[in-house]
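Trainee: Residue numbers (our numbering), protein chains in the order written: chain C, 1028 to 1250; chain E, 3 to 251; chain F, 11 to 74. Idealized CB from N, CA, C, for every residue including glycine. These figures come from a predicted structure and were not determined experimentally.
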Amino acid sequence: MLKAFYHLLARDLRLAFRSRHELANPLIFFVLVVSLFPLAVTPSADLLMVMAPGVIWVSALLSVLLSLDRLFKQDYEDGSLDQLMLSPNPLVILVLAKVFAHWLLTGLPLVLIAPLLGMFMYVPDEAISTLIFSLLLGTPVLSLVGAIGVSLTVAVNRGGVLLSLIILPLYIPILIFGANAVDVASDGMSVRGQLLFLAAVLALAISLAPLATAVALRITASR
Amino acid sequence: MFKRIWGWIQRFSSPKHFYSISGKMIPWFAISAIFLGVYGLYMGLFVAPTDYQQGESYRIIFIHVPAAWMSMFIYVVMAVSAGIGLIWQIKLADMIAAASAPIGAWFTFIALVTGSLWGKPMWGAYWVWDARLTSELILLFLYFGYMALQSSIEDQRTADKASGLLAIVGVVNIPIIHYSVQWWNTLHQGATVSKLDKPSMHVDMLIPLLVMAIAAKLFYAAIVLVRARNQVLYRERNRQWVRELVEKL
Amino acid sequence: MNGSEFSWSEFFNMGGYAVFVWTSYGLALVMVVANIVSPIIERKRVISRIKRAIRRETNTGKAG
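1. Among I62/E, A133/E, I36/E and Q56/E, which has the Cα closest to the Cα of A224/E?
2. With a 10 Å radius around its C-beta and 16 neighbouring C-beta atoms as the bar for buried, classify Q1221/C as buried or exposed.
3. Just to confirm the assignment: which complete alpha helix (DSSP H) runs, minimum length 4, are found wholly within the region 1114-1160 of chain C?
4. Restricting to Cα atoms, I'd like to know which of R6/E, D96/E and T160/E is closest to R231/E.
5. So what does DSSP say about G117/E, is it helix, strand or coil?
6. Could you name the residues of chain E that F1204/C contacts, counting a contact when the two beta carbons are closer than 7 Å?
7. Quick one: which chain E residues come within Cβ less than 8 Å of V1228/C?
8. According to DSSP, is G57/E part of a helix, a strand, or is it coil?
9. How many Å lie between M27/E and E67/F at the Cα?
10. Taking 9 Å as the CB-CB limit, is I1199/C close to chain E?
11. Could you confirm whether any beta carbon from chain E is found closer than 9 Å to the beta carbon of G26/F?
12. Quick one: is F1099/C near chain E, going by C-beta distance under 9 Å?
13. Is there a Cβ from chain F that is less than 9 Å from the Cβ of V248/E?
14. Using a threshold of 8 Å, is the CB atom of F48/E nearer than that to any non-hydrogen atom of the ligand SAM?
15. Give the single residue among A113/E, I62/E, G166/E and K5/E whose Cα lies nearest to the Cα of M124/E.
16. Should P1151/C and S1213/C be called a contact, given that it needs their Cβ atoms to be closer than 9 Å?
17. For a cutoff of 9 Å on Cβ pairs, would you count S1247/C as touching chain E?
18. Residues of the region 134-157 of chain E with a CB closer than 7 Å to any CB of chain F: list them in chain order, please.
19. Quick check on this structure: which residue in V1138/C, L1131/C and L1144/C has the alpha carbon closest to the alpha carbon of R1041/C?
20. What is the residue span of the alpha helix (DSSP H) that L1202/C lies within?
21. Under 6 Å Cβ to Cβ from R245/E, same chain only, skipping five residues before and after it: list those, please.
22. Less than 9 Å between the C-beta atoms of V1082/C and T1157/C, yes or no?
23. Along chain F, in chain order, which residues have C-beta atoms closer than 7 Å to that of Y44/E?
24. Between the region 1029-1045 of chain C and the region 1113-1131 of chain C, do three or more beta carbon pairs fall short of 8 Å?
25. What span of residues does the alpha helix (DSSP H) with R27/F cover, start to end?
26. If distances are taken between C-alpha atoms only, which option among F1099/C, M1148/C, L1121/C and K1030/C comes closest to L1059/C?
27. For I60/F, which residues of its own chain have a beta-carbon under 7 Å away from its beta-carbon, when the five flanking residues on both sides are left out?
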């Protein structure tokens, strides 16, 4: 079972690295959206500092959302998803491997580049670590919950808007707690509660979301 | 014993049997909904005393609160019947779930609009990011997502199962969303004094509120059955019994 | 409606909140009517669709 997990993970990573430019797209999108705000609102540090946590978190949300497509869509179209579902390994494990690969390829880069964006948006130095930690706990949940949405819409043509309609409301708790953690850390207060909440949601998502995704795939992707 | 119950459930939930039974139930639900609704309106508009803080504007409560209760109640009913449809493959449960969504969305919409109409005299603004209104707004998005998914998948069985799973995921999420919105609201509570929360509840105010809530439930029961019957006719349109029935109409 | 004589104009005025209260009740009425009318229209449409299908089938049956 572990072997199947590693095997699929390695396959997805290898496939992704074959088209490297595509790999960078969500990351560029993330940076681009955040840098639109100073242009649209004001470059003044006072205002940007107030908006920073929200802007960075919303941009991360959208960036993950746009990259969700490659989680199952390609596999569905070329038929390799059918093979996965026919394999003797439990589908939940395979789903977990695919989601983990997706997070390594989109979520983790966002986490790593976040300090730069924090600098762009004048996030105080003492809040940068919170920004990283909150994204580190939050982005896997975005991938996990997003996987449910993708698997539900995998057979729908032009399902992009539909996917956001389904998934964005479910992202709200992560957005609230993630952005607030950064906000509170900027004021120099403790953010243990917020981070614990994010960790709890992550634990819940890891245990339940792959199950729901597996069920969803059996419903929609079987031909 | 178990087998007998199972057999009974299957017989009752066969679309044909449901169609004839529900036809007899609808008038009862409709009549009692009208009766209670009129009684509730009379009690609410004529008998209930004026609120000493909010004046007459509080009478919106008799619309707003039942609508808000219904919006959540219907979502739960939808998720539970979708779950039954998903696990035990009972087609009727899927139809009830699909028939519930538009009614639930309507109630949510009414709760939102009446909430904001109540907010104007109380807060001085039509929209305030109050915890309850925000939760209702998110609930409306959840309904829209369900309906969009349901209508965008062509195969009926797949559409039922996929949107049913989404409803279940939504219902698991609702407490988390609710809690985080509540928490978010207490952080940002500036000028908003949540007057919507506790209008001092006189018994004469409570009775019409509860009567209206029950009337709304009965109304939902009648309408959901009518809608589910439409679904039965449409989905079983190639069956002999539907054809015989339609020819008589 | 403070204990003294009941007057309709006072009732409709709703203590100055007439716009808010009656808009709310009006919208609720619209919602109730819409929820009654739309499934009835839907039912008629479904029934006429099935009838058409039956007619088409019996016609082709005769022709063939």
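Mentor: The structure says:
1. Counting from 1 along the second sequence, the entry for residue 224/E is found at position 222. Of the candidates I62/E, A133/E, I36/E and Q56/E, the one whose C-alpha sits nearest the C-alpha of A224/E is I36/E.
2. Walking along the first sequence from the start, residue 1221/C turns up at place 194. Classification for Q1221/C: buried.
3. Whole alpha helix (DSSP H) segments, 4+ residues: 1118-1129 and 1135-1147.
4. Taking the first residue of the second sequence as 1, we reach residue 231/E at position 229. Closest by alpha carbon: D96/E.
5. Walking along the second sequence from the start, residue 117/E turns up at place 115. In the structure shown, G117/E sits in a helix (DSSP, three-state: H, G or I).
6. Numbered from its first residue, the first sequence carries residue 1204/C at position 177. By Cβ distance, chain E contributes S182.
7. To locate residue 1228/C, count along the first sequence from 1; it is residue 201. Neighbours of V1228/C on chain E, chain order: I178.
8. Start at 1 with the first residue of the second sequence, and residue 57/E comes out as number 55. The DSSP-derived three-state label of G57/E is strand.
9. Working through the second sequence from its first residue, we reach residue 27/E at position 25. Working through the third sequence from its first residue, we reach residue 67/F at position 57. Roughly 34 Å between the two C-alpha positions.
10. Translated into the one-based positions of the first sequence, residue 1199/C becomes position 172. Chain E contact via Cβ: present.
11. The residue you call residue 26/F lines up with position 16 of the third sequence. With its beta carbon less than 9 Å from one in chain E, G26/F belongs to the interface.
12. To locate residue 1099/C, count along the first sequence from 1; it is residue 72. Cβ-Cβ to chain E under 9 Å: no for F1099/C.
13. Taking the second sequence and counting its residues from 1, the one referred to as residue 248/E is at position 246. Interface residue, yes.
14. You won't find the ligand SAM in this model; it holds no ligand whatsoever.
15. For this step, residue 124/E is matched to residue 122 along the second sequence. It is I62/E.
16. On the first sequence, residue 1151/C is found 124 positions in, with the first residue counted as 1. On the first sequence, residue 1213/C is found 186 positions in, with the first residue counted as 1. Cβ distance < 9 Å, so P1151/C and S1213/C count as in contact.
17. Here the question's residue 1247/C lines up with position 220 in the first sequence. This sequence places Thr at residue 1247/C; Ser is not what is there. In terms of beta-carbon proximity, T1247/C lines the interface with chain E, with at least one pair separated by less than 9 Å.
18. Within the region 134-157 of chain E, no residue qualifies.
19. Here the question's residue 1041/C lines up with position 14 in the first sequence. Distance from the Cα of R1041/C is smallest, within the candidate group V1138/C, L1131/C and L1144/C, for L1131/C.
20. The sequence position of residue 1202/C within the first sequence is 175, counting from 1. Segment G1187 to S1213, the alpha helix (DSSP H) holding L1202/C.
21. Numbered from 1 along the second sequence, position 243 holds the residue referred to as residue 245/E. The answer is none, since no qualifying residue turns up.
22. By 1-based counting over the first sequence, the position of residue 1082/C is 55. By 1-based counting over the first sequence, the position of residue 1157/C is 130. Going by C-beta atoms, V1082/C is not nearer than 9 Å to T1157/C.
23. Along the second sequence, one-based indexing puts residue 44/E at 42. Within 7 Å Cβ-Cβ: nothing; Y44/E doesn't reach chain F, min ~12 Å.
24. Using a C-beta cut-off of 8 Å, the region 1029-1045 of chain C makes contact with the region 1113-1131 of chain C, since at least three inter-stretch Cβ pairs fall below that distance.
25. Taking the third sequence and counting its residues from 1, one reaches residue 27/F at position 17. Arg is not the amino acid found at residue 27/F; the sequence shown has Tyr there. No alpha helix (DSSP H) holds Y27/F; DSSP gives it neither H nor E.
26. Here residue 1059/C refers to the residue found at position 32 when the first sequence is read from its first residue. Ranking F1099/C, M1148/C, L1121/C and K1030/C by Cα distance to L1059/C puts M1148/C first.
27. Position 50 of the third sequence, counting from 1, holds the residue named residue 60/F. Within the same chain, and ignoring the five residues on either side of I60/F in sequence, no residue has its Cβ closer than 7 Å to its Cβ.
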